[in-house]
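If you read the sequence shown in our numbering, its first letter stands for residue 1, the second for the next number, and so on. All C-beta atoms in this analysis are idealised placements derived from N, C-alpha and C, irrespective of residue type, glycine included. Quick caveat: nothing in here was measured; it's all calculated off a predicted structure. Everything below concerns the one structure shown next.
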Amino acid sequence: MFRKETRNYLRDVYDHMIRTLDTLDTLREVSSGLMEVYLTVVNNNMNEIMKTLTIIATIMLPLSLVASVYGMNVVYPGTGDVMGFYSATAIMLLIAVAMLFWFRRRKWF
């Protein structure tokens, strides 16, 4: 059907096509691996940001609790005392510093 030269030429074209497809598959795998590495780096950065935000929220939770208790319209210890505000503020700062110390001791922050 084809001449011998044509068959040789087509066989050569076929070999080039197979080699090109193999190269394409290799490059596809490499690019897929690079995408996975990039997504891993982005995910690790996101985890560090979430860790920091979680620590900040955890520190703010007890402070909000103390502030909300002293924000109620009921009689509580220190209402008539001039130092009541300062003592509540000192308690909140003490809680925040203690939590920061605890987080740093556990190497979370």
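Practice prompt. Would you tell me roughly how many angstroms separate the C-alpha atoms of ASP81 and THR89, rounded to the nearest one?
Written response: As a first step, residue 81 must be located in the sequence shown, where it is residue number 81. As a first step, residue 89 must be located in the sequence shown, where it is residue number 89. Computed Cα separation, rounded: 14 Å.
Item to complete: Tell me whether TYR119 is buried or exposed, calling it buried when 16 or more other Cβ atoms sit within 10 Å of its Cβ.
Response: Any answer about residue 119 is impossible in this case: the structure gives the chain only from 1 up to 109.
Discussion item. Quick check on this structure: which residue in ASP22, LEU27, ASN47 and MET92 has the alpha carbon closest to the alpha carbon of VAL69?
Written reply: On the sequence shown, residue 69 is found 69 positions in, with the first residue counted as 1. The option with the nearest alpha carbon to VAL69 is MET92.
Practice prompt. Specify the secondary structure class of LYS4 as computed by DSSP and reduced to three states.
Written response: The residue you call residue 4 lines up with position 4 of the sequence shown. It is helical.
Discussion item. Assuming GLY103 and ILE55 are in contact, meaning their beta carbons sit under 8 Å apart, how far apart are those beta carbons, in whole angstroms?
Written reply: As a position in the sequence shown, residue 103 is number 103, starting the count at 1. As a position in the sequence shown, residue 55 is number 55, starting the count at 1. Going by the sequence as given, residue 103 is Phe instead of Gly. With 8 Å as the limit, PHE103 and ILE55 qualify as a contact, their Cβ atoms being about 6 Å apart.
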